[in-house]
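Below is one structure, written out as structure tokens; the observations come after it.
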Amino acid sequence: MDINTIRADFPILKQKIYGYPLAYLDSAATSQKPDSVINALSQFYQQNNANIHRGVYYLSESATKAYENARHSVQRFINAPHAKECIFVRSTTEAINLVAQCFGHLRVQPGDEIALSAMEHHSNIVPWQMLCEKKGATLKILPMNQRGELELDTLEHILTPKTKLLAITHASNALGTLNPIKKIIDVAHAHQVPVLVDGAQSTPHLKIDVQDLDCDFFTFSGHKTYGPTGIGVLYGKSRWLESMPPYQGGGEMISHVSFAKTTYNDLPYKFEAGTPAIAEVIALGTALEYIESIGWDFIRNHEQQLLAYATEALSSLPFIKLIGTAEEKIGVISFTMEGVHPHDVGSIVDQYGVAIRAGHHCAMPIMDFFNIPATARASFGLYNTLSDIDQLLQALQEVRKIFKL
Amino acid sequence: MDIRELYQELIIDHGTHPRNCCQLPNANHCAEGYNPLCGDKVKVFINTDNTRITKACFIGSGCAISTASASLMTEVLAGKSTQEALELSQAFKHSLTTETEDTAPELGKLTALLGTKAFPARVKCATLPWHTLEAALKEEKKIVNTESLEDIPV
Ligand SMILES: Cc1ncc(COP(=O)(O)O)c(C=O)c1O
């Protein structure tokens, strides 16, 4: 696989920013989209647009087929046992909220506990906090060490007979840590605790096999996996999904409605109330097929090479401190720069065509843990090159000059 | 606009070596400001005698723009009446959030901060200390949150 061929698939990468080639190093926030995905969106509206699951005419049937085909692409992509276990939602955030509300409604009682880790994104904290507030339950937090690795020895003490769910990220967006998720799930299951895996950051970077992981729920966002915004996936084991009440009421999710009583539709429609993001679902299917066409071996090797190169280069700079130095990482490097606030770093490198994120990365508890207000973060996608990283390194020197350091 | 115009001498100087950066234990007025988007925090302390601001100080954590803005603010406030301080704050925020090219003469060295206009994402960094100042002078005890404010340039 040739990186230049891959880059040619991403039209946005051809542009210059302030006269510099765009070094897009913010794929952890959202990835860029290949032509095939962009075309899938416009092609749907140009040739295939109709509402699904309701028309008897040609267009509606073909739109329905494309929509359901995409569900099968998702099923194959994460190796779910059944397509009906793959629910289309707006995003990881919505998927987690769905589980917090529906599973929480079913299973959580006053005095119960929900276990999280110390490195969660706000969207895997706040829904659980809201649930706990409503139900009189409490959060238990699995701690991490200074390298940004979870302290797995303590996991068995965090999980108690009152723990109703462990909700944990597969990979950290702020630190890059790739958690040993299979091992964690095994331990949780040994304690009869079901596990929700936040796969927002792992799904774009490594092969996900929900059957091998044996997770109870798995979530990811289309826009971080080279697909459109506004679409995400919740996978759940059918025994959970079937026992859970619906999330929202409306069309599509019903089987029969009268003013006296409504009976709900079967999976997956029970959780897909209203007209879904049809074009986005179809384009998500295209994105997953794109990833598969590049192949996991290439993606993993390439991104690990970028990570190794950037880690070595940045850690050799005395004025840079890496935040998150776990043994196993995805292509995310958070850092602080001596004497310069991350926002200033971000604004200045932008002027040299380098797009990085600066801030708390929706993970304020992580910032508090490391006692810093924010970090600068470079994150990689399958289209990045070593020269993107060189451009960042060069731009960091300009930051130093401007700050007279 | 060249990034060096945003990060000009005075900004780098005040942003990295802020003046009046300490607490005022017996301040007459005090308020906290917070920008949840970037996590910038500032706490402003004001001492007044009967008519004038005698001392203004701040503490906080933020980027060079917000730190320089706070530092310059504490310098220019000394000797002003509360009313004058509020008017200056209005004038400063106004010049950052409107299209107008002419700068109010009373801004003095604060004009160094007007470079942020070309970088809309950073305007809130420059205005945070001023929103906080207003809250302090108006005795609003709550934490000022930039997200509820109308700073986005139109
Ligand atoms: C680890 C993690 N979880 C959840 C999310 C939320 O994803 P979304 O904003 O697509 O709902 C993100 C996005 O940044 C993330 O990195």
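Heads up: the protein sequence lines correspond to chains A and B, in order. Throughout the first sequence, residue numbering follows my numbering, covering -13 to 391 in sequence. Throughout the second sequence, residue numbering follows my numbering, covering -7 to 146 in sequence. C-beta: ideal position from N, C-alpha, C; glycine also. All values reported here derive from a predicted model rather than from experimental measurement.
Looking at B:Glu98, B:Asn42, B:Thr92 and B:Glu91, the one whose alpha-carbon comes closest to that of serine 73 of chain B is B:Asn42. Straight-line measurement puts the Cα of tyrosine 369 of chain A at about 34 Å from the Cα of phenylalanine 257 of chain A. Assignment of alpha helix (DSSP H) within the stretch 270 to 304 of chain A, counting only whole runs of 4 or more residues, yields 282 to 301 in chain order.
Put simply, the stretch 70 to 85 of chain B touches the stretch 34 to 48 of chain B. At least three CB pairs are less than 8 Å apart. The beta carbon of glutamine 15 of chain B sits closer than 8 Å to the beta carbons of Lys35, Phe37, Cys49 and Ile51 from its chain, once the five residues preceding and following it are set aside; these are given in chain order. Taking a cut-off of 8 Å on C-beta distances, the stretch 154 to 169 of chain A touches the stretch 312 to 322 of chain A, as three or more cross pairs fall below it.
Close partners of phenylalanine 356 of chain A in chain B (Cβ separation under 8 Å) are lacking, with about 13 Å as the shortest Cβ gap. Alanine 273 of chain A is a Cβ neighbour of valine 23 of chain A, given a cutoff of 9 Å. Inter-segment contact for the stretch 316 to 329 of chain A and the stretch 137 to 145 of chain A is absent: fewer than three beta-carbon pairs are separated by less than 8 Å. Using a cutoff of 8 Å, the CB of glycine 218 of chain A counts as near ligand 1, since one of the ligand's heavy atoms is closer than that.
In the assembly as shown, glutamine 132 of chain A is an exposed residue. Its beta-carbon has fewer than 16 other beta-carbons within 10 Å.
Leucine 105 of chain B is classed as buried because its beta carbon has at least 16 other beta carbons within 10 Å across all chains shown. The beta carbon of glycine 5 of chain A is closer than 8 Å to those of Gly339 in its chain, skipping five residues each way along the sequence. Listed along the chain, the chain B residues whose CB falls inside 8 Å of the CB of isoleucine 388 of chain A are Ile(-5), Arg(-4), Tyr(-1) and Ile4. Proximity of alanine -6 of chain A to chain B, defined by a Cβ-Cβ separation below 9 Å, is not satisfied. Against chain B, a Cβ distance below 8 Å from glycine 122 of chain A picks out nothing, because the smallest value is about 28 Å. Considering only A:His346, A:Gln377, A:Ala362 and A:Pro7, the residue with the shortest C-alpha distance to tyrosine 295 of chain A is A:Gln377. At a threshold of 8 Å, histidine 209 of chain A counts as near ligand 1, since its beta carbon sits closer than that to one of the ligand's heavy atoms.
Contact between the stretch 203 to 217 of chain A and the stretch 64 to 78 of chain A is present: three or more C-beta pairs spanning the two stretches fall below 8 Å. Counting C-beta pairs closer than 8 Å gives fewer than three between the stretch 190 to 197 of chain A and the stretch 36 to 51 of chain A, which falls short of the contact rule. Sequence-distant partners of cysteine 22 of chain B (beyond 5 residues in either direction) whose C-beta falls short of 6 Å from its own C-beta, in its chain, are Phe37 and Ala128. Scanning chain A for C-beta atoms nearer than 8 Å to the C-beta of alanine 60 of chain B yields nothing, as the closest lies near 10 Å away. By DSSP's assignment, proline 7 of chain A forms a beta bridge with A:Lys2. Taking 9 Å as the cut-off, the beta carbon of glycine 332 of chain A is found no closer than this to the beta carbon of phenylalanine 366 of chain A. Burial check for tyrosine 43 of chain A: the Cβ neighbour count within 10 Å stays below 16, so the residue is exposed.
Comparing alpha-carbon positions, the option among A:Thr371, A:Ile264 and A:Ser77 lying closest to threonine -9 of chain A turns out to be A:Thr371. Tyrosine 212 of chain A is positioned such that its CB atom lies closer than 9 Å to that of isoleucine 277 of chain A.
A distance of 9 Å or more separates the beta carbons of alanine 36 of chain A and isoleucine 375 of chain A.
For serine 17 of chain A and glutamate 76 of chain B, the gap between their C-alpha atoms comes out near 49 Å.
Per DSSP, cysteine 118 of chain A is one residue of the alpha helix (DSSP H) stretching across 112 to 121. As DSSP reads the structure, cysteine 22 of chain B sits in a beta bridge with B:Phe37. When C-beta atoms of the stretch 78 to 93 of chain A are compared with those of the stretch 236 to 251 of chain A, fewer than three pairs fall below 8 Å, so the two segments do not count as touching.
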